[in-house]
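Residue numbers (the working numbering): 445 to 761. One structure is given below, encoded as structure tokens.
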């Protein structure tokens with residue numbers, strides 16, 4: 445059978461046209477996919493930004509709750525630092541007189557008997573040895589008070605620092621301890637027990653871990669406040685179990701119903717009265733824990749108490 449050249453030519457042009465059409469279709473689809481991918485990247489960036497804004501807003505809301513206690517943590521040591529300083533200023537007058545007498549004696553403007561008489565008169569109120577010992581004690585007290593203020597402010601700044609996703613190799617117990625320090629005054633009327641042990645170093649954001657524990661402690665406090673017939677007991681635990689870092693907060697408060705447990709991580713869900721809670725606390729806790737590839741377990745019995753456990757893998761990079 446003989447095939448005409450025209451048939452070959454027609455088949456060639458048909459195949460070429462089909463190939464060009466297919467290539468154009470692929471190019472068009474690629475452009476569409478690229479545009480969709482760019483839009484997806486933008487939306488992911490927007491979501492991350494909004495997530496960070498929500499986390500920061502939660503911090504600011506928490507700081508409002510903590511403000512009275514933080515003010516007390518600063519004012520209490522500040523009060524005795526100021527009192528000590530007032531005494532030191534008064535004592536300085538006596539010291540100045542002693543120094544002046546010494547200068548006059550050394551320069552020959554005062555004799556030994558006159559110096560002795562003047563010093564004896566100054567000693568009438570308080571011995572110089574007692575003054576020296578008291579000054580040393582006051583300086584040490586003031587130093588301790590200023591260190592407490594510095595620690596409170598540093599913890600506050602660490603907590604309020606704008607959220608970011610930067611992680612570094614750290615011991616998560618540092619975040620747990622900072623949370624307890626930050627809430628020390630708010631939890632003073634509760635029976636607080638801890639079992640905090642050094643944990644394996646893991647890539648984490650300590651500010652985030654701090655915020656997780658602060659939220660859990662505040663929730664535990666509120667749960668205990670809802671029960672009048674028993675003393676509030678809150679237990680904080682850290683450990684390393686089954687190759688996982690564990691951080692848990694247990695309370696003997698009001699507990700949760702099954703219905704509440706199913707909604708606890710939903711954004712804006714709250715059991716508090718209108719205007720007293722954002723409903724974002726546990727939702728953000730879930731977000732921050734999962735950002736560290738962790739999981740959360742809630743064991744709660746209504747009217748008995750709640751245990752919230754966070755499990756984190758050890759991340760080395």
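All C-beta atoms in this analysis are idealised placements derived from N, C-alpha and C, irrespective of residue type, glycine included.
query = Got a sec? Which residues, its chain only, sit under 7 angstroms from residue 710 by beta carbon, not counting five neighbours each side?
reply = Non-local beta-carbon contacts of residue 710 in its own chain, meaning distances under 7 angstroms to residues more than five positions away in sequence, involve 727 in chain order.
ask   = For residue 514, which of 694, 626 and 664 has the nearest alpha-carbon?
value = Looking at the Cα atoms, 626 is the closest of the given residues.
query = How about residue 696 and residue 668: do their beta carbons lie closer than 8 angstroms?
reply = Against a cut-off of 8 angstroms, the Cβ pair of residue 668 and residue 696 comes out as a contact.
task = Pull up the DSSP beta-bridge partners for residue 614, would you.
result = Answer is 646, bridged to residue 614.
query = Out of curiosity, what's the CA-to-CA distance linking residue 609 and residue 596?
reply = Between the alpha carbons of residue 609 and residue 596 lies a gap of roughly 24 angstroms.
ask   = CA-CA distance, residue 718 and residue 612?
value = Below a pLDDT of 50, predicted positions are generally treated as unreliable, and residue 718, at 48, falls in that range; the measurement from the model is reported next regardless. Going from the Cα of residue 718 to the Cα of residue 612 covers about 38 angstroms.
query = Hey, residue 748 and residue 699: beta-carbon distance below 8 angstroms or not?
reply = It is a contact, given that the beta carbons lie within the stated cut-off.
query = Between the region 649 to 661 and the region 725 to 745, do three or more beta carbon pairs fall short of 8 angstroms?
reply = In short, these stretches touch, since the Cβ pair count reaches three.
task = Please list the segments of the alpha helix (DSSP H) lying wholly inside the region 523 to 599, counting only runs of 4 or more residues, in order along the chain.
result = As far as the region 523 to 599 is concerned, its whole alpha helix (DSSP H) runs of at least 4 residues are 556 to 566.
query = Exposed or buried, residue 525, counting other C-beta atoms within 10 Å across all chains shown (16 or more means buried)?
reply = Around the beta carbon of residue 525, 16 or more other beta carbons sit within 10 angstroms, so the residue counts as buried.
query = According to the Cβ coordinates, are residue 624 and residue 680 closer than 8 angstroms?
reply = Against a cut-off of 8 angstroms, the Cβ pair of residue 680 and residue 624 comes out as a contact.
key: Proximity of residue 725 and residue 654 at Cβ, strictly below 8 angstroms   = Taking 8 angstroms as the Cβ cut-off, residue 725 and residue 654 do not qualify as a contacting pair.
ask   = Under a three-way DSSP split, which group does residue 758 fall into?
value = DSSP places residue 758 outside both helix and strand once states are collapsed to three, so it counts as coil.
ask   = Is the closest heavy atom of the ligand ADP to the C-beta of residue 515 under 7 angstroms?
value = The ligand ADP is not among the ligands present in this structure, which contains no ligands whatsoever.
key: Sequence-distant residues of the same chain with beta carbon closer than 6 angstroms to residue 485, five excluded per side   = Excluding residues within five positions, none has a Cβ falling inside 6 angstroms.
message = Considering Cα atoms alone, identify which of 598, 534 and 755 is closest to residue 657.
response = Cα-wise, what sits closest to residue 657 is 755.
inquiry  = If you follow the alpha helix (DSSP H) that residue 701 is in, where does it begin and where does it stop?
reply    = Per DSSP, residue 701 belongs to no alpha helix (DSSP H) and is neither H nor E.
message = If you follow the beta strand (DSSP E) that residue 634 is in, where does it begin and where does it stop?
response = Segment: none, residue 634 is in no beta strand (DSSP E) and carries neither H nor E.
request  = Check whether the Cβ atoms of residue 737 and residue 684 sit closer than 8 angstroms, and answer yes or no.
outcome  = The Cβ atoms of residue 737 and residue 684 do not sit closer than 8 angstroms to each other.
Secondary structure, beta strand (DSSP E): runs of 3+ residues fully inside the region 453 to 484 = None, since the region 453 to 484 contains no complete beta strand (DSSP E) of that length.
inquiry  = Using DSSP's beta-bridge definition, name the partner residues of residue 685.
reply    = BP columns for residue 685 point to 688.
Cβ neighbours of residue 616 in the same chain (closer than 8 angstroms, five flanking residues each side left out) = The residues are 643, 646, 648, 650, 653, 682, 689, 691 and 756.
query = Between which two residues does the beta strand (DSSP E) carrying residue 745 extend?
reply = Taken as a continuous stretch (DSSP letters only), the beta strand (DSSP E) holding residue 745 covers 739 to 745.
key: Option in 701, 589, 473 and 463 with minimal Cα separation from residue 743   = Minimum Cα distance to residue 743 is reached at 701.
query = Looking only at C-alpha atoms, which of 585, 707 and 759 sits nearest to residue 521?
reply = When C-alpha distances from residue 521 are compared across 585, 707 and 759, the shortest belongs to 585.
message = Taking the alpha-carbon of residue 619 as reference, which of 641, 634, 632 and 633 has the nearest alpha-carbon?
response = For residue 619, the nearest C-alpha among the options comes from 641.
inquiry  = How far does the alpha helix (DSSP H) with residue 729 in it extend, from its first residue to its last?
reply    = For residue 729, the enclosing alpha helix (DSSP H) covers residues 725 to 735.
request  = Find out if the Cβ-Cβ distance for the pair residue 632, residue 661 is shorter than 8 angstroms.
outcome  = The answer is no: Cβ separation not under 8 angstroms.
ask   = Thinking C-beta only, is residue 519 closer than 8 angstroms to residue 582?
value = Going by C-beta atoms, residue 582 is not nearer than 8 angstroms to residue 519.
inquiry  = Let me confirm a value: residue 708 is counted as buried when at least 16 other C-beta atoms fall within 10 Å, else exposed. Which label applies?
reply    = Taking every protein chain shown into account, the CB of residue 708 has 16 or more other CB atoms within 10 angstroms, so this residue is buried.
ask   = Thinking just about the alpha-carbon of each residue, which of 571, 553, 577 and 517 is nearest to the one in residue 589?
value = With distances taken between Cα atoms, residue 589 lies closest to 517.
query = Which residues in the same chain as residue 559 place their Cβ atom closer than 7 angstroms to its Cβ, once the five residues preceding and following it in sequence are excluded?
reply = Setting aside the 5 residues that flank it on each side, residue 559 is surrounded in the same chain by 545 and 549, each with a C-beta closer than 7 angstroms to its C-beta; the list follows chain order.
key: Rounded straight-line distance, which links the Cα of residue 758 to that of residue 601   = About 27 angstroms.
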